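To start, the structure under review is shown below, and the notes come after it.
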Amino acid sequence: MKLVIRGGRLIDPVSGLDRIGDLAIAGGRVVALGEVNRDFTPERTIDAAGLVVAPGLVDLAARLREPGYEHEGMLESELAAAAAGGVTSLVCLPDTDPPLDEPGLVEMLKFRARTLSRCRLFPLGALTRGLAGETLTEMAELTEAGCVGFSQADTPIVNTLTLQRALQYAATFGYAVWLRPQDAWLGGGVAASGAVATRLGLSGVPAAAETIALHTIFELVRATGARVHLCRLSSAAGVELLRRAKAEGLPVTADVSINSLHLTDLDIGFFNAAMRVTPPLRQQRDRDALRAALADGTIDALVSDHTPVSSDEKTLPFGEAAPGATGLELLLGLALAWGESLKLTLAQTLSRITSEPVRVLGPAIGSLGNSAGRLVEGGVADVCLFDPAARWAVSADALVSQGKHTPFAFEVSGFELAGRVHTTLVAGGVAFERSNG
Amino acid sequence: MLSRRNPQLNRHGELIHLLSIEGLPKAVLTQILDTAGTFLSVNDRDVKKVPLLRGKSVFNLFFENSTRTRTTFEIAAKRLSADVINLDIARSSTAKGESLLDTIANLSAMHADMFVVRHSESGAPYLIAEHCAPHVHVINAGDGRHAHPTQALLDMYTIRHFKGDFTPLTVAIVGDIVHSRVARSDIHALTTLGVPEIRAVGPKTLVPGDLREMGVRVCHDMAEGIRGADVIIMLRLQNERMSGAMLPSAGEFFKHFGLTADKLALAKPDAIVMHPGPINRGVEIDSSVADGTHSVILPQVTFGIAVRMAVMSTIAGNEA
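As they're listed, the protein sequences go chains C and A. Reminder that position 138 of the first sequence reads as 394 in our numbering, one-by-one numbering, no gaps. Reminder that position 47 of the second sequence reads as 125 in our numbering, one-by-one numbering, no gaps.
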């Protein structure tokens with residue numbers, strides 16, 4: 257389909273392009289950016305006056321709950337949620353049931369996502385079989401099936417020797433290993449260690465659970481040369497270690513979740529299970545360090561950490577409630593809120609959810625990596641149109657995802673999000689359009 | 079984030095549930111202690127009943143077993159003329175997979191007026207209070223490590239009975255504080271009532287430095303901890319902590335942190351010794367101290383019934 261988007265504010269986070277103009281799409285690609293030739297005859301024109309025309313968002317962490325947890329989310333509903341959130345590429349985690357440790361599972365997931373054509377899907381394969389931390393998966397086969405890296409999700413490898421071998425093996429082929437730095441033994445609590453957990457009598461996860469794991473990972477990266485992406489940093493001390501590792505030149509990148517970027521353990525209030533997330537919410541100085549690190553580039557990307565959880569699993573005492581929160585539809589608004597409070601330009605803010613995550617993915621996504629997360633002539637037409645001024649109250653009814661639980665629900669947070677997605681295009685096709693929007 | 083109203087108070091600041099001591103004004107605590115004083119005389123009468131809760135149904139919901147605490151609540155409710163239903167849920171519905179809220183919905187349909195809840199998870203009574211019918215009152219009878227507010231109130235009653243005024247006191251709490259809901263509730267109550275020095279005494283595995291954030295002085299040396307104390311609250315050491323990574327043995331714990339007559343001599347001459355029970359003789363406390371002249375462990379039990387009567391009658395009289 258040939259399509260023109262007229263009069264929008266065009267943003268390319270890499271070149272710094274930020275101007276009012278038109279954008280033409282044909283054959284799934286951007287064919288003109290800024291000025292569109294008069295002889296271009298579109299089948300459809302979108303009036304984008306007052307809207308921002310940005311690259312489609314790239315989310316490095318979302319759980320789609322399929323296979324195995326269909327009652328909490330399904331590929332169809334969750335990819336629709338992605339499109340409604342302006343997300344055009346997402347990385348899904350291997351902690352399904354069964355875990356993504358077989359090429360057949362990955363192929364099926366990729367195939368089903370392609371059929372739905374809402375969002376590009378990039379699965380992480382399980383690093384070990386069954387995520388059990390013992391036997392390596394067939395990484396080359398899984399890569400052929402479409403995996404962009406290997407991960408243990410939230411299940412750390414307890415045996416350091418196994419972790420070393422996993423990194424050695426992945427490094428042999430240049431595969432990226434995505435690890436959430438958390439010591440298996442110190443990480444058993446349900447809230448971050450500190451005054452709130454002490455007062456509420458909740459078992460704590462000390463920041464040392466993160467820093468000890470980071471020390472181990474960095475030592476193994478030095479020894480093996482493996483490329484490691486660190487998932488969901490949560491502490492100021494962890495940020496400091498990452499800063500030093502990057503200064504040293506280690507091949508590491510990192511992300512932070514929307515939850516850790518905006519919330520602290522004080523938000524737990526009177527045992528509000530909506531605040532039960534992994535990693536646990538830490539203190540204000542941790543949150544401030546994460547916000548600064550995302551701004552200065554120490555942390556590369558912001559992720560939704562989308563985890564749909566059913567009401568049955570969430571309306572339980574805090575420690576028994578399933579961790580996780582819905583996030584795909586909140587990623588844009590929460591990125592904008594962060595960028596505004598740090599007085600970043602719109603292009604800088606958007607880079608953390610577009611071009612930077614694509615840089616993290618690197619060669620794993622092939623030629624797509626040249627233009628995904630960007631707006632460039634000749635590039636792939638994954639586009640997110642949003643109204644930066646539109647405010648909306650997050651509620652169960654307003655969400656497409658099957659996961660309705662979020663700390664940012666209006667009834668909990670009392671604030672509205674600014675920035676609402678108007679239209680999402682994937683490869684030039686309409687993946688989402690807000691009715692009456 | 080919105081600042082939420084304390085869920086145990088109604089919009090007039092009156093107590094409708096008792097979930098935690100934290101956040102309760104001093105006046106509320108004092109009123110309960112005063113009310114308990116009037117009920118003590120009821121317990122001495124031949125007919126030990128007052129009609130304050132006549133026609134009301136009190137459900138004891140014990141998701142975790144505790145015969146002693148349940149019994150004191152049962153006696154308190156019966157002396158207020160309530161109908162008491164004991165449910166040992168640890169062995170019934172949840173074992174069949176029924177969810178906590180389904181259990182609550184079912185019991186609400188049986189026209190319960192009050193739930194007395196004990197649960198192994200911190201915060202469970204908050205969830206119940208949030209989801210039960212508006213006329214139902216919830217009393218926390220101990221949740222995880224979080225709170226045991228009626229125990230704290232009876233401890234405060236005991237201290238006030240023997241010491242009169244809270245403001246000149248030094249109170250030492252000794253033992254497994256990190257896992258203790260009694261300690262947390264006592265600390266909040268003592269702080270609210272104006273005790274200037276509260277000490278948390280024990281080894282670093284059981285008394286981590288984080289506890290300072292609750293406004294206590296952390297002592298890892300028993301002599302330092304009880305020197306000059308007016309009140310010593312010994313906590314029960316749970317069996318599962320007696321050997322393992324928390325403590326090497328009950329014997330070594332007793333040697334360093336058990337209360338003996340020698341150590342008690344470091345406290346004020348008129349110090350009182352308290353314990354929430356059941357006591358482990360020779361583990362946290364020596365028999366000569368538990369049965370000695372400083373011990374007020376048995377009066378605690380007596381006061382416990384009056385205090386629970388006071389809590390039940392207070393919240394039953396307040397509308398959500």
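Cβ coordinates follow ideal geometry from the N, Cα and C atoms, glycine included. Remember, it's a predicted structure, so these values are computed and weren't measured experimentally.
Would you say GLU576(C) reaches chain A, if we count a Cβ-Cβ gap shorter than 7 Å as a contact?
-> It does: the Cβ of GLU576(C) has a partner Cβ on chain A nearer than 7 Å.
Over what stretch of residues does the alpha helix (DSSP H) that includes TRP594(C) continue unbroken?
-> 587 to 597
Contact set between PHE688(C) and chain A, taken where Cβ atoms lie within less than 9 Å = Result: empty, since nearest Cβ-Cβ is about 30 Å, beyond 9 Å.
Going along the chain, which residues of the segment 455 to 471 of chain C sit with their C-beta nearer than 9 Å to a C-beta in chain A?
-> ARG455, LEU456, GLY457, LEU458, SER459 and GLY460
For the segment 333 to 415 of chain C, which segments carrying the beta strand (DSSP E) assignment without a break, of at least 3 residues, lie completely within its bounds, in sequence order?
-> 343 to 348 and 376 to 379
Pick from LYS660(C), THR467(C), GLN438(C) and LEU316(C) that is closest to CYS375(C), judged by C-alpha positions | Of the candidates LYS660(C), THR467(C), GLN438(C) and LEU316(C), the one whose C-alpha sits nearest the C-alpha of CYS375(C) is LEU316(C).
Compute the Euclidean distance between the alpha carbons of PHE474(C) and THR416(C), then round it to the nearest angstrom.
-> 12 Å
Do you know how far the Cα of PHE240(A) is from the Cα of VAL125(A)?
-> 27 Å
Which runs of the alpha helix (DSSP H) fall wholly inside the segment 225 to 269 of chain A and span at least 4 residues, in chain order?
-> 227 to 241
Assign GLN316(A) to one of two classes, buried (16 or more other C-beta atoms within 10 Å of its C-beta) or exposed (fewer than that).
-> exposed
With a 10 Å radius around its C-beta and 16 neighbouring C-beta atoms as the bar for buried, classify GLU400(C) as buried or exposed.
-> Under this definition GLU400(C) is an exposed residue.
Excluding the five sequence neighbours on either side, which residues of its own chain have a C-beta within less than 6 Å of the C-beta of MET330(C), listed in chain order?
-> Non-local C-beta neighbours of MET330(C) in its own chain, meaning closer than 6 Å and more than five positions away in sequence, comprise GLU322, ordered along the chain.
Measure the alpha-carbon distance for LEU442(C) versus PRO311(C) and round it to whole angstroms.
-> 40 Å
Contacting residues, own chain, Cβ-Cβ under 6 Å from ALA646(C) (five flanking each side not counted) | ARG676
Return the chain-ordered list of same chain residues with a C-beta closer than 8 Å to the C-beta of THR391(C), the five sequence neighbours on each side being excluded.
-> THR384 and ARG385
THR116(A): buried (16+ other C-beta within 10 angstroms of its C-beta) or exposed?
-> exposed
Count the other C-beta atoms from every protein chain shown that fall within 10 angstroms of the C-beta of GLY589(C), then say buried if there are 16 or more, exposed otherwise.
-> buried
What are the start and end residues of the alpha helix (DSSP H) that includes ASN121(A)?
-> 104 to 122
Exposed or buried, ALA339(A), counting other C-beta atoms within 10 Å across all chains shown (16 or more means buried)?
-> Of the other Cβ atoms in all chains shown, fewer than 16 fall within 10 Å of the Cβ of ALA339(A); this residue is therefore exposed.
Output the residue ranges of the alpha helix (DSSP H) runs that lie fully inside the segment 335 to 379 of chain A and measure 4 residues or longer, sorted by chain position.
-> 339 to 342 and 365 to 368
Give me whichever residues DSSP pairs with PRO311(C) in a beta bridge.
-> According to DSSP, PRO311(C) bridges with VAL639(C).
Excluding the 5 residues preceding and the 5 following ARG300(C) in the sequence, name in chain order all residues of the same chain whose CB lies nearer than 7 Å to its CB.
-> MET257 and LEU259
Cutoff 7 Å: PHE474(C) Cβ touching any chain A Cβ | no
Measuring CA to CA, which of THR113(A), GLY370(A), LEU97(A) and SER144(A) is closest to GLY355(A)?
-> Among THR113(A), GLY370(A), LEU97(A) and SER144(A), the Cα nearest to that of GLY355(A) is on SER144(A).
CB-CB length for ARG157(A) against LYS127(A), believed under 8 Å = The beta-carbon separation of ARG157(A) and LYS127(A), rounded to 6 Å, stays under the 8 Å limit for a contact.
What residue from VAL270(C), HIS327(C), ASP268(C) and SER345(C) has the CA that sits closest to LEU587(C)'s CA?
-> SER345(C)
Pick out whichever of LEU102(A), LEU118(A) and LEU93(A) has its Cα sitting closest to the Cα of GLN378(A).
-> LEU118(A)
Could one say the Cβ of PRO619(C) lies closer than 7 Å to chain A's Cβ atoms, at least one of them?
-> no
Relative to chain C, which residues along the segment 282 to 297 of chain A have a C-beta separation below 7 Å, given in chain order?
-> ASP288, LEU289, GLU291 and MET292
For ASN84(A), which of helix, strand or coil comes out of DSSP?
-> coil
Where does MET79(A) fall in DSSP's three states?
-> Caution applies to MET79(A), whose pLDDT of 45 falls short of 50 and renders its modelled position unreliable; the value that the coordinates give is listed next. Coil, per DSSP.
At least one CB of chain C closer than 7 Å to the CB of SER144(A): is that the case?
-> no
Among GLY290(C), LEU602(C) and ALA674(C), which one has its Cα closest to the Cα of GLU750(C)?
-> There is no way to answer for residue 750(C), as the model of chain C reaches only from 257 to 693.
Validate contact between the segment 411 to 427 of chain C and the segment 250 to 257 of chain A using beta carbons, cut 8 Å, 3 pairs = no
Delimiting residues of the alpha helix (DSSP H) encompassing SER516(C) = 514 to 518
Return helix, strand or coil for GLY693(C), following the three-state DSSP convention.
-> Confidence is the limiting factor: at GLY693(C) the pLDDT is only 44, short of 50, which leaves the residue's position unreliable, though a coordinate-based value still follows. Three-state result, GLY693(C): coil.
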